[in-house]
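Structure first, commentary second.
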Amino acid sequence: MEEMINKYFRPGRLPHIWCPGCGNGVVTGSVVKAIAKLDLSKDDVAVISGIGCSSRASGYLDFNTVHSAHGRAIPVATGVKLAEPKLNVIVLTGDGDATAIGGNHFIHACRRNIDLTVVVYNNSIYGMTGGQYSPMTPYHSKATTAPYGMIEPDFNLAELAKAAGATFVARCTTFHAQMLSDLIVKGIQHKGFSLIEAVSACPISFGRQNKMGGPAEMMMWQRDHAVPVAAWDKLPEEKREGKFPIGVLYQVEGRKEYTEAYDELIAMAQGGK
710 MEEMINKYFR PGRLPHIWCP GCGNGVVTGS VVKAIAKLDL SKDDVAVISG IGCSSRASGY
770 LDFNTVHSAH GRAIPVATGV KLAEPKLNVI VLTGDGDATA IGGNHFIHAC RRNIDLTVVV
830 YNNSIYGMTG GQYSPMTPYH SKATTAPYGM IEPDFNLAEL AKAAGATFVA RCTTFHAQML
890 SDLIVKGIQH KGFSLIEAVS ACPISFGRQN KMGGPAEMMM WQRDHAVPVA AWDKLPEEKR
950 EGKFPIGVLY QVEGRKEYTE AYDELIAMAQ GGK
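Right under this line is the structure:
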């Protein structure tokens, strides 16, 4: 682990400033382990983030990185990928960053099937700015901007991505850290838009308001409510209540990737055909 830290993290940036018990470190570590498993050169990786707790991850990592504006990680990553298609472009973003102010960009990146690996740190809340609700805050949960509970239904991000055109969709939790890293590996290897939703814990801004206990209890909640997709497919509808599937939820191969289609268009225009 020390060798991995020395290789992939910027000198002098650790320890991180995330709150005790926050799952962001687990997700970030899983991203790094995935890159290590694939033995990718640091020069061949670009990590793009937006704004929020999770988006601080890019500042710790020693790759080509951009810490962009709120909700704009995906369009910045799109520009990077178009400029240098050979790069492995990974977006690290939060549930609010990706699905609220960045929701439009998320949908159209899925639609274009651009070859990005988007890891959404889903801790169900705006943690950094004071515990406001996000589009991923569960129904009836409390937030500083929903003190009596959420009356809006939350997004099913995996289904949203699939419907919008993503060709690889997966979900995991920070409790299942080994599986999370393996799913990120598969997302990076996939040619096209890849979503990995990482269900994470925010003990401070979400856990306290919803009386979920400390970090250990919130991790146990993930263990008890996440169901591997093979088992999920066999569960009757009444036993799925309050639970969610994890693993590769959707994958399709062979659909044209955006940068390839763009290069073909340029070649056609230059050839006068």
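So the sequence shown is numbered by our numbering: it starts at 710 and just counts up by one.
We treat Cβ as the ideally placed atom computed from N, Cα and C, and that holds for glycine.
Within 10 angstroms of the beta-carbon of residue 711 lie fewer than 16 other beta-carbons, which makes it exposed. By the neighbour-count definition (other C-beta atoms within 10 Å, threshold 16), residue 722 is an exposed residue. One Cα belongs to residue 770, the other to residue 945, and the distance between them is close to 43 Å. Taken through DSSP and simplified to helix, strand or coil, residue 960 comes out as strand. Boundaries of the beta strand (DSSP E) harbouring residue 799: 797-803, taken from the DSSP string. Only residues of its own chain outside the window of five on either side were considered, and among them 758, 764, 767 and 768 have a CB closer than 7 Å to the CB of residue 776, listed in chain order. Counting along the chain, the unbroken beta strand (DSSP E) around residue 904 starts and ends at 903-908. DSSP links residue 841 through a beta bridge to 835.
Of the candidates 753, 783 and 803, 753 places its Cα closest to the Cα of residue 794.
From the listed residues 816, 849 and 807, the smallest Cα separation to residue 831 is found for 807. When only Cα atoms are considered, residue 824 and residue 966 end up about 6 Å apart. Beta-bridge pairing by DSSP links residue 881 to 907. A direct Cα-to-Cα measurement between residue 935 and residue 882 gives close to 8 Å.
Residue pairing by DSSP places residue 718 opposite 770 in a beta bridge.
Per DSSP, reduced to three states, the secondary structure at residue 763 is helical. Taken through DSSP and simplified to helix, strand or coil, residue 953 comes out as strand.
Excluding the 5 residues flanking it on each side, residue 747 has same chain C-beta neighbours closer than 7 Å at 894 and 897, in chain order.
For the set 909, 901, 786 and 811, the Cα lying nearest the Cα of residue 960 is the one of 901. When secondary structure is reduced to three states using DSSP, residue 846 falls in the coil class, being assigned neither helix nor strand.
Cβ-Cβ distances below 7 Å link residue 937 to 955 and 956 in the same chain, with the five nearest sequence neighbours on each side left out; the list follows chain order. Judged by DSSP in its simplified three-state form, residue 830 adopts strand. Residue burial is scored here from C-beta neighbours: residue 835 has at least 16 other C-beta atoms within 10 angstroms and is therefore classed as buried. The beta carbon of residue 718 is closer than 8 Å to those of 741, 769, 770 and 771 in its chain, skipping five residues each way along the sequence.
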